[in-house]
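Data first, discussion second: the structure below is written as structure tokens.
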Amino acid sequence: MEQMRRARRRNRLTATEQALFYELVAVCNSEGWEDVFSCSNIELCCSLNIDEKTLVRARLSLINAGLVYYKSGKSRRVVGLYSFSKKFKDESPKKKPTTGKNTVDVPTEKPTKKKGDPPADAPTNMGANQPADAPDYIKTKTETKLKELSLSLDELSFISFEFLDVFLLWLEYKKERREKYKSDRSVKACYDKLVRLSGNDANVANEIVNQSIANNWAGLFELKNNCRNGNKEQTNDVDQTTIIIRKADI
Numbered sequence: 001m002e003q004m005r006r007a008r009r010r011n012r013l014t015a016t017e018q019a020l021f022y023e024l025v026a027v028c029n030s031e032g033w034e035d036v037f038s039c040s041n042i043e044l045c046c047s048l049n050i051d052e053k054t055l056v057r058a059r060l061s062l063i064n065a066g067l068v069y070y071k072s073g074k075s076r077r078v079v080g081l082y083s084f085s086k087k088f089k090d091e092s093p094k095k096k097p098t099t100g101k102n103t104v105d106v107p108t109e110k111p112t113k114k115k116g117d118p119p120a121d122a123p124t125n126m127g128a129n130q131p132a133d134a135p136d137y138i139k140t141k142t143e144t145k146l147k148e149l150s151l152s153l154d155e156l157s158f159i160s161f162e163f164l165d166v167f168l169l170w171l172e173y174k175k176e177r178r179e180k181y182k183s184d185r186s187v188k189a190c191y192d193k194l195v196r197l198s199g200n201d202a203n204v205a206n207e208i209v210n211q212s213i214a215n216n217w218a219g220l221f222e223l224k225n226n227c228r229n230g231n232k233e234q235t236n237d238v239d240q241t242t243i244i245i246r247k248a249d250i
């Protein structure tokens, strides 16, 4: 979705945050694209295989990125409400002091994080317009992501610059699924396959990775025509080559 692509360029969303966004899109679709729809934390945690703390952080990041609006239930028995287009009337602005003291820009559910924490809260620093030092910001976030993956640029020297961001996203997704590659050789084989499937096009590679994340797949697969048109329905016909590729990723 174009909205997600724009947000990714501004906010460097993690694999979990993107997976949550696509899951909410699927829930909204199942309810007939209502302006406001409901979904429980338990349902989302089970679908994404994450704990509630991770869900809260990912949801906060999507809210700060302007991708979704959320209204929590008054109790655990009342599920929260979501909307992609309608801001809830009683929703507090992102920048609002909670006391009579100086205004502080803090997330509504968690305190401000120190530099070096996971990038879930990073969108609060970017806003709609990127700062003049955006390239430095992106460089810092790339270095942080490499550190979280216990990798260095030297170890990924075989990756073209335009593929670096999307491939790091894929490695992060695999780490969150606790499916690590056994060797540097297998990492390079995965990268070579992504380049091959995308026809050496970084934009197509990004769609391929998003396709796997949205469907919670363990591997990379050829981009379906209906996915490129914005329809996320998975076709039933799976050829023998796709089966071989799936086995290679497990």
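For the sequence shown, full-length UniProt numbering assigns the number 1 to the initial residue and increments by one for each residue that follows.
Every residue, glycine too, gets a C-beta built ideally from N, C-alpha and C.
Just so you know, these numbers come straight off a predicted model, no measurement behind them.
Straight-line gap, residue i to residue j (C-alpha atoms, nearest Å)
{"i": "Ile42", "j": "Glu52", "result": "8 Å"}
{"i": "Phe37", "j": "Leu223", "result": "29 Å"}
{"i": "Ala19", "j": "Glu34", "result": "20 Å"}
{"i": "Gly80", "j": "Cys39", "result": "6 Å"}
{"i": "Gly32", "j": "Ser212", "result": "24 Å"}
{"i": "Val187", "j": "Val204", "result": "19 Å"}
{"i": "Ala218", "j": "Ser72", "result": "32 Å"}
{"i": "Leu197", "j": "Leu168", "result": "17 Å"}
{"i": "Ala189", "j": "Asn216", "result": "21 Å"}
{"i": "Cys28", "j": "Leu48", "result": "16 Å"}
{"i": "Val104", "j": "Gly66", "result": "Because Val104 carries a pLDDT of 47, less than 50, the predicted location of this residue cannot be relied on, and the following value inherits that uncertainty. If I take the Cα positions, the gap works out to 19 Å."}
{"i": "Lys175", "j": "Ser183", "result": "14 Å"}
8 Å Cβ shell around residue i - same chain, five flanking residues per side excluded
{"i": "Val68", "result": "Phe21, Leu24, Arg59, Leu62, Tyr82, Ser83 and Phe84"}
Whether residue i touches residue j by CB criterion (8 Å)
{"i": "Phe158", "j": "Tyr191", "result": "yes"}
{"i": "Phe163", "j": "Ala214", "result": "no"}
{"i": "Asn200", "j": "Val166", "result": "no"}
{"i": "Leu156", "j": "Lys193", "result": "no"}
Neighbourhood of residue i by C-beta distance below 6 Å, restricted to the same chain and skipping five residues each side
{"i": "Lys87", "result": "Tyr69"}
{"i": "Asp117", "result": "The predicted position of Asp117 is uncertain, since its pLDDT is 46 and thus under 50; no value can be drawn from it."}
{"i": "Arg177", "result": "none"}
{"i": "Trp170", "result": "Val209"}
{"i": "Lys89", "result": "none"}
Host alpha helix (DSSP H) of residue i (start-end)
{"i": "Leu60", "result": "Glu52 to Asn64"}
{"i": "Phe163", "result": "Phe161 to Glu176"}
Coil, strand or helix - residue i by DSSP
{"i": "Lys71", "result": "strand"}
{"i": "Ser212", "result": "helix"}
{"i": "Arg12", "result": "coil"}
{"i": "Tyr191", "result": "helix"}
{"i": "Asn49", "result": "coil"}
{"i": "Phe21", "result": "helix"}
{"i": "Ser152", "result": "coil"}
Residues of its chain near residue i, where Cβ-Cβ distance is below 7 Å and the 5 sequence neighbours each way are ignored
{"i": "Cys45", "result": "Asp51, Glu52 and Leu55"}
{"i": "Glu179", "result": "Ala218"}
First through last residue of the beta strand (DSSP E) which encompasses residue i
{"i": "Tyr82", "result": "Gly80 to Ser83"}
{"i": "Phe37", "result": "Phe37 to Cys39"}
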